[in-house]
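Going by our numbering, the first residue of the sequence shown is number 7, and it counts up by one from there. Every residue gets a Cβ at the ideal spot worked out from N, C-alpha and C, and that includes glycine.
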Amino acid sequence: METKKIGNFEISDVDLQTFIARLPQEQQMYAQMPEFREQCEKRLEEIALFAVLAEESGLEESDEFKITMAAARRDILSQLGMTQVLRDINVTEDDAKAYFEEHKAEYMTKPTANAKHILVDSEEKANELKAKIEAGEISFEDAAREHSSCPSKEKGGDLGQFSPGQMVPEFDQAVFSAEVDQLIGPVQTQFGQHLIVVTAKSEAKEAEYEAVKNQVMQAAILAEQDKTYQAKCAELRAKYL
């Protein structure tokens with residue numbers, strides 16, 4: 007966009023980009039749409055127009071303006087000061103590995119389970135199907151395809167892999183308490199009655215450093231920044247308070 011002058015104020019493309027960058031993340035996805043950019047540009051024009059109005063009304067000399075400007079100056083300088091203190095903080099590979107050793111519990115992989123299920127609307131129906139499966143009259147997968155009301159029936163009831171907390175509590179508890187290949191149920195949830203077979207399970211285990219290296223490095227930097235910030239705060243309190 008061409009720079010616009012409204013009274014003593016200018017609106018440039020940089021102003022527009024900055025305005026958009028400060029919008030909520032869900033709005034920024036529209037940043038490249040011409041209509042959205044026009045709306046943002048119009049909003050900037052309105053801001054400038056009201057600024058001109060306030061200026062002409064002498065509000066620049068008001069106590070409210072002076073108090074607000076002083077607070078804005080303080081906040082901007084504070085942000086710049088913190089940025090300067092924290093800007094060059096980094097950690098070495100050895101620092102990151104040491105941080106990892108101290109925080110291994112935070113990088114445990116969750117237990118997982120693979121399971122298949124059949125969902126029906128009554129305990130009677132579930133028990134009937136369970137008896138037929140155990141008697142070998144029908145396979146679990148065929149029973150799921152024919153009788154389950156869950157979309158997973160198209161895959162023989164297969165739900166894939168999941169971790170604790172991804173399913174409703176009753177289903178979770180049943181799955182992570184069951185033995186692999188054991189037919190369990192009926193298990194009642196808010197959705198109905200489930201017959202379940204756990205096809206695979208893995209226990210929680212410590213992650214290897216290399217697998218989470220980037221996460222650890224970032225966490226170590228944040229920890230070092232916090233340490234530096236707290237130390238600088240203590241120093242400044244002792245000096246100025």
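Beta bridge pairing from DSSP links Ser208 with Thr118.
For Ala119, the closest C-alpha among the options Lys103, Gly142, Leu165 is that of Leu165.
Glu16 carries a strand assignment under DSSP once its states are collapsed to helix, strand and coil.
Distance from the Cα of Ser145 is smallest, within the candidate group Ile124, Glu129, Ala37, Cys46, for Ile124. In this chain, the beta strand (DSSP E) harbouring Leu189 covers 189 to 195. Judged by DSSP in its simplified three-state form, Gly142 adopts coil rather than helix or strand. Note on geometry: alpha-carbon atoms of Asn133 and Thr195 lie some 15 angstroms from one another. Selection Glu62, Lys48, Gln31 evaluated against Gly13 yields Glu62 as nearest (Cα-Cα). Shown here, Gly166 sits in a strand according to DSSP, grouped into three states. Secondary structure at Leu228: helix, using DSSP grouped into helix, strand and coil. The beta carbons of Phe25 and Ala54 sit no closer together than 7 angstroms. Ranking Glu214, Ala184, Met173, Asp187 by CA distance to the CA of Phe197 puts Met173 first. Excluding residues up to 5 positions away in sequence, Thr118, Asn120 lie with their Cβ nearer than 6 angstroms to the Cβ of Gln167 in the same chain.
Following the DSSP letters along the chain, one finds Ala54 inside the alpha helix (DSSP H) bounded by residues 40 to 62. Contact check for Gly163 and Lys136: beta-carbon distance about 13 angstroms, past the 8 angstroms limit, so the pair fails to qualify. Under DSSP, Lys11 forms a beta bridge with Glu16. Straight through space, the alpha carbons of Glu214 and Thr234 are spaced by roughly 28 angstroms. In the DSSP annotation of this structure, Tyr215 is not part of any alpha helix (DSSP H), being labelled neither H nor E. Gln33 and Leu59 have their alpha carbons spaced roughly 29 angstroms apart.
Beyond the five residues adjoining it in sequence on each side, Lys110 comes within less than 6 angstroms, by CB distance, of Glu212 in the same chain, given in chain order. Counting every other CB atom within 10 Å of its CB across the protein chains shown gives Ile202 a total of 16 or more, marking it as buried.
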